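Novice:
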Amino acid sequence: MGRAFVSALWGLQDAHRHPGGIFSGQFTATEAAAIAVAYGLFVGMVVYRTLSWRDLPQLVVDSAIKTAIPMLLVVAASMFGWILASENIPEEVAEGLLGITRSKLGIILIFNVIFSWRAR
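Just so we're aligned, residue 64 is where the sequence shown starts under my numbering, counting upward by one.
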């Protein structure tokens with residue numbers, strides 16, 4: 064167990080270094096991410112010897128794919144929000160709800176009926 068702990072110290076150092084650097088103002092979150100990548104490559108290639116130079120192109124491709132997927136969701140949500148705002152849909156929905164009832168409790172009940180019906 065002691066040998067495993069000593070071996071894990073390289074990775075544990077990384078988890079404490081970056082938040083400390085961000086909170087102390089030494090670097091930004093983006094810079095911390097770049098430092099984490101460089102440190103991870105160093106530990107993987109030099110300390111643990113589990114990465115090689117041949118592995119890097121595939122690692123870059125895999126990380127690009129895994130980054131692109133959530134970014135597509137962000138782009139789609141941004142476009143959807145822009146369309147809603149440009150067509151004044153939130154105002155129309157608010158006017159429609161206020162046309163039914165002006166009671167806060169009534170609006171909450173309407174939302175509960177709509178969203179509980181949809182969940183089934």
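Backbone N, C-alpha and C fix where the C-beta goes; we use that ideal spot for every residue, glycine too. A quick note: this is a predicted structure, and the numbers were derived from the prediction, not measured.
Rounded to the nearest angstrom, what separates Val100 and Leu136 at their Cα positions?
Specialist: Taking the straight line joining both Cα atoms gives about 24 Å.
Novice: What is the residue span of the alpha helix (DSSP H) that Trp116 lies within?
Specialist: Per DSSP, Trp116 belongs to no alpha helix (DSSP H) and is neither H nor E.
Novice: Here's the rule: buried if 16 or more other CB atoms are within 10 angstroms of the residue's CB, otherwise exposed. What is His81?
Specialist: Label assigned to His81: buried.
Novice: Under 8 Å, do Ala97 and Ile85 count as touching if we go by C-beta distance?
Specialist: Contact: no.
Novice: Can you check which of these residues, Glu150, Asp77 and Ile173, is closest to Leu160 by C-alpha distance?
Specialist: Leu160 has its Cα closest to that of Ile173, out of Glu150, Asp77 and Ile173.
Novice: Per DSSP, what kind of secondary structure is Ser70 in: helix, strand or coil?
Specialist: Three-state DSSP puts Ser70 in a helix.
Novice: What residue range is occupied by the uninterrupted alpha helix (DSSP H) comprising Val100?
Specialist: Here the alpha helix (DSSP H) through Val100 covers Ala92 to Phe105.
Novice: Assuming Val110 contacts Trp73 under a Cβ cut-off of 8 Å, what Cβ separation, rounded to an integer in Å, is found between them?
Specialist: Yes, they are in contact, since the Cβ atoms of Val110 and Trp73 sit about 5 Å apart, within 8 Å.
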